[in-house]
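In full-length UniProt numbering, the protein residues as written are 1 to 120. So the structure is just underneath, and the comments pick up after that.
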């Protein structure tokens with residue numbers, strides 16, 4: 001099954017999202033911030049990244065910029081799950097494949113994950 005990397009500094013939210021994805025059959029790795037996510041990606045290439053916006057050390061925006069700048073990962077699907085920063089992210093076309101506002105509908109998010117994993 002596809003490997004999903006979840007980057008979120010709010011441990012409870014990351015665990016809830018990981019549980020949702022695992023229950024749907026996905027393999028999931030979690031990272032507490034963007035830098036840790038990039039370190040993980042050096043050894044394990046995910047099929048999709050789901051990131052929060054506001055995180056310490058490296059934001060979700062900076063993580064997406066790093067992914068898009070990497071020749072090997074530039075096409076990797078990235079979903080931003082955010083609260084108030086959705087407008088800022090939407091002003092950067094091509095950076096995120098999808099911007100999802102919190103709170104989100106888990107069924108909708110799972111459907112979008114499936115779509116992006118099938119057709120990156």
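All residues carry an ideal CB built from backbone N, CA and C; glycine is no exception.
If you run the structure through DSSP and keep just helix, strand and coil, what is residue i?
i: residue 57; result: coil
i: residue 72; result: coil
i: residue 110; result: helix
i: residue 27; result: strand
i: residue 98; result: strand
Applying the 10 Å Cβ sphere with the 16-neighbour rule, what's the burial state of residue i?
i: residue 33; result: buried
i: residue 84; result: exposed
Pull up the DSSP beta-bridge partners for residue i, would you.
i: residue 11; result: Residue 11 pairs with nothing; no bridge assigned.
i: residue 79; result: 50, 98
i: residue 4; result: 28, 48
Assuming residue i contacts residue j under a Cβ cut-off of 8 Å, what Cβ separation, rounded to an integer in Å, is found between them?
i: residue 4; j: residue 113; result: 7 Å
i: residue 66; j: residue 38; result: 6 Å
i: residue 80; j: residue 53; result: 6 Å
i: residue 35; j: residue 58; result: 5 Å
i: residue 64; j: residue 13; result: At roughly 18 Å, the Cβ-Cβ gap does not stay under 8 Å, so residue 64 and residue 13 are not in contact.
Taking residue i as the reference, which of the options has the closest Cα?
i: residue 186; options: 13, 21, 8, 92; result: Nothing can be reported for residue 186, as the shown portion of the chain is limited to 1 through 120.
i: residue 103; options: 78, 75, 2, 16; result: 16
i: residue 78; options: 8, 92, 51, 69; result: 51
i: residue 1; options: 11, 47, 18, 8; result: 47
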